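Per UniProt numbering, the sequence shown starts with residue 1, numbered consecutively. A virtual CB, placed ideally from N, CA and C, is assigned to each residue, including glycine. All figures in this text were calculated on a predicted structure; none of them were measured in a lab.
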Amino acid sequence: MTSYRIIDNPETVDYTTKCCARTTDGIYYQIPKDFFRLHPSLVRRKLLLLEPFDVPIDSETMNPLLLALEKVAILSIQATGDGSTDEERLPWMRNLSKKQLKFVYGCLGITSWDGKDAIPFYEKTMPDVNEVVWVKIARVTDASAVVHLLEYGKKEGSIPYTEVTRKRVRSMGKLIKVGRNEAAQVQRIDREKGYIDLSKKQVTAQESRECEARFKKGNDVRSIMCHVADICEVPPMELMEKIAFPLYRRTADKHAWEWLVELNQSKDVQGILGPLNLPQNIIDTLMDTLTKSIRPKMLTLFAEVEITCFECDGVDAIRDVLIVGRTLGNKDPKLAMTVAIVGPPKYSLRIRTEFESEGLNLLTEVIDKMKVEIARRRGQLKVVTSPQATVTQDKDERIMMSKMRRKERTNTGVSVNRLFFFCVSFLFFFILINYFYKVTIHRKVQTKKRNGMRVKEKKEEK
Numbered sequence: 001m002t003s004y005r006i007i008d009n010p011e012t013v014d015y016t017t018k019c020c021a022r023t024t025d026g027i028y029y030q031i032p033k034d035f036f037r038l039h040p041s042l043v044r045r046k047l048l049l050l051e052p053f054d055v056p057i058d059s060e061t062m063n064p065l066l067l068a069l070e071k072v073a074i075l076s077i078q079a080t081g082d083g084s085t086d087e088e089r090l091p092w093m094r095n096l097s098k099k100q101l102k103f104v105y106g107c108l109g110i111t112s113w114d115g116k117d118a119i120p121f122y123e124k125t126m127p128d129v130n131e132v133v134w135v136k137i138a139r140v141t142d143a144s145a146v147v148h149l150l151e152y153g154k155k156e157g158s159i160p161y162t163e164v165t166r167k168r169v170r171s172m173g174k175l176i177k178v179g180r181n182e183a184a185q186v187q188r189i190d191r192e193k194g195y196i197d198l199s200k201k202q203v204t205a206q207e208s209r210e211c212e213a214r215f216k217k218g219n220d221v222r223s224i225m226c227h228v229a230d231i232c233e234v235p236p237m238e239l240m241e242k243i244a245f246p247l248y249r250r251t252a253d254k255h256a257w258e259w260l261v262e263l264n265q266s267k268d269v270q271g272i273l274g275p276l277n278l279p280q281n282i283i284d285t286l287m288d289t290l291t292k293s294i295r296p297k298m299l300t301l302f303a304e305v306e307i308t309c310f311e312c313d314g315v316d317a318i319r320d321v322l323i324v325g326r327t328l329g330n331k332d333p334k335l336a337m338t339v340a341i342v343g344p345p346k347y348s349l350r351i352r353t354e355f356e357s358e359g360l361n362l363l364t365e366v367i368d369k370m371k372v373e374i375a376r377r378r379g380q381l382k383v384v385t386s387p388q389a390t391v392t393q394d395k396d397e398r399i400m401m402s403k404m405r406r407k408e409r410t411n412t413g414v415s416v417n418r419l420f421f422f423c424v425s426f427l428f429f430f431i432l433i434n435y436f437y438k439v440t441i442h443r444k445v446q447t448k449k450r451n452g453m454r455v456k457e458k459k460e461e462k
């Protein structure tokens, strides 16, 4: 692992593996991101900045702090201690102010909400019967697997081995692994004792995908609320009760994450956050956090056209028209357009952007300009596929879809290897039976021929 160092120009920092911090006295530090990755959510929350960020620490305090961070990143997070009072902190942390401690805790992965008492996603404390929940396997016993319900404050539940899969398995450890996240259906609840029995084999692949998508949205909402609470110095649960829970109750079929996405896009603070009566500093911090954390998906906008020109300079005319379209489509760097040949006379126009309406308008404008240009050269342009958008499936979605298909095969008990083995065995026995049948028929025919020859010889002798 590389070490930190002081730099003169922050533009020379490789932000893919490092980040840049500026102290109060104007000193730039190049810090490896390994120092910060002791907490899983810090990569999304703090390490996406491609520019220097200010820290409330001078260079004299920063040097021993980074030295300690380097040791902690090499050893483990346990070396920092998890105490909150001055007596429980390490000696080098006792003299830091509240802002300095906040920066140190963020670097070390010690946060005010990620402890034994996790923040629940929803207002209700227990799930409903037959509800599909997202769980994490904590430990495995002789007869069941103990799981944590991640959406309900890490409440404990149990999955009996009889409810894991429908097919017969020799080793249950291949299907139940500690630390894996799964979707499970609630079978029984004892609200007095707090027992929750779940089933994994009752969950279909579609329900598992929907549950995982719902968990990711709820986790993003909780992460945003906790981040805002950490900045505004208020309890995270209080902010969940003021913002997240009312958004969940507002519309039954609309997730709180969708309300936050709509707030980030429309900036309608009064219409969405007005009934909540929030302080202005919380609203400002929330809007700033939403701008950095919620980003729309990249879209691929495309259109296909057929360009023909049967004049003497037809090839040059088509080339000039394509150059005109590419030049017009690359004026805005956010809407860079590419022109590619599909097969003469068909050509494709593509734009990869997150601004759908602007990109579609640009494609329409480019096609109109190309029509005018090719008509001036006595050619013709025909629109084969009108401008439209498709959502690009990222790597995480492809991995999730492959996992869901594999899980669906496991739950139904159908295995590709078993199906292949069955087909090969059936083919082998079919060939074997056919061979013996032909051999038997051949022997019978030969026997009849020999008997006929003997009868004929006896008649000739007589």
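With fewer than 16 other CB atoms across the displayed protein chains lying within 10 angstroms of its CB, Gly179 is exposed. Secondary structure note for Glu192: it is in no alpha helix (DSSP H), with a DSSP letter that is neither H nor E.
When the alpha-carbon of Met337 is set against those of Phe355, Pro345 and Gly343, the nearest one is in Phe355.
Under the three-state reduction of DSSP, Glu356 is assigned to helix. Contact between the stretch 267–279 and the stretch 241–252 is established, with three or more Cβ pairs separated by less than 8 Å. In terms of Cα proximity to Asp197, the closest of Cys211, Leu149, Pro345 and Lys177 is Leu149. Bounds of the alpha helix (DSSP H) holding Leu328 are Gly314 to Gly329. Annotated three-state conformation of Leu301 is strand, per DSSP. Excluding the 5 residues flanking it on each side, Thr308 has same chain C-beta neighbours closer than 7 Å at Pro345, Gly379 and Gln380, in chain order.
Ser348 and Gly325 have their alpha carbons spaced roughly 11 Å apart. Taking all protein chains in view, the Cβ of Thr385 is surrounded by fewer than 16 other Cβ atoms within 10 Å, so the residue is classified as exposed.
The shortest C-alpha to C-alpha distance from Lys155 to any of Ile189, Glu365 and Val339 is the one to Ile189. Secondary structure note for His255: it is in no beta strand (DSSP E), with a DSSP letter that is neither H nor E. The C-beta separation of Lys136 from Asn181 comes to about 5 Å, placing the pair in contact by the 8 Å criterion. Assignment of beta-bridge partners to Pro32 by DSSP yields Lys18. Of the residues Arg376, Ala303 and Phe422, the one whose Cα lies closest to the Cα of Val366 is Ala303. Nearest to Lys124 by alpha-carbon distance, out of Val234, Met240, Ser158 and Asn277, is Met240. It is roughly 10 Å from the alpha-carbon of Thr141 to the alpha-carbon of Ser158. Annotated as proximal: Ser59 and Ile27, with beta-carbon spacing under 8 Å. The three-state reading of DSSP puts Gln280 in helix, counting H, G and I together. DSSP, read as helix, strand or coil, puts Lys155 in strand. Within its own chain, the residues whose Cβ lies closer than 8 Å to the Cβ of Val342, once the five positions on either side in sequence are excluded, are Glu304 and Ser348, listed in chain order.
The beta carbons of Gln206 and Asn130 sit about 15 Å from each other, so the pair does not count as a contact at 8 Å. Counting C-beta atoms within 10 angstroms of its own C-beta, Pro387 has 16 or more neighbours from the protein chains shown and is therefore classed as buried. For Asp288, the secondary structure class from DSSP, reduced to helix, strand or coil, is helix. Secondary structure of Glu262 (DSSP, three-state): helix.
Within the stretch 198–255, no complete beta strand (DSSP E) segment of 3 residues or longer occurs.
A check of alpha carbon separations from Ala340 across Thr353, Leu322, Asp332 and Lys331 identifies Leu322 as the nearest. Of all C-beta pairs linking the stretch 205–223 to the stretch 164–175, fewer than three are shorter than 8 Å, placing the two stretches out of contact.
Just so you know, the alpha carbons of Phe421 and Met453 end up roughly 48 Å apart.
Less than 8 Å separates the beta-carbon of Arg22 from that of Pro52. Cβ-Cβ separation between Gly153 and Pro127: approximately 11 Å, too far for a contact (criterion under 8 Å). The three-state reading of DSSP puts Leu66 in helix, counting H, G and I together. If you check the CB distance, Ile374 and Thr285 do not come in under 8 Å. In this structure, DSSP gives Glu11 a helical state, which the three-state scheme calls helix.
When DSSP states are grouped into helix, strand and coil, Ile351 belongs to the strand group.
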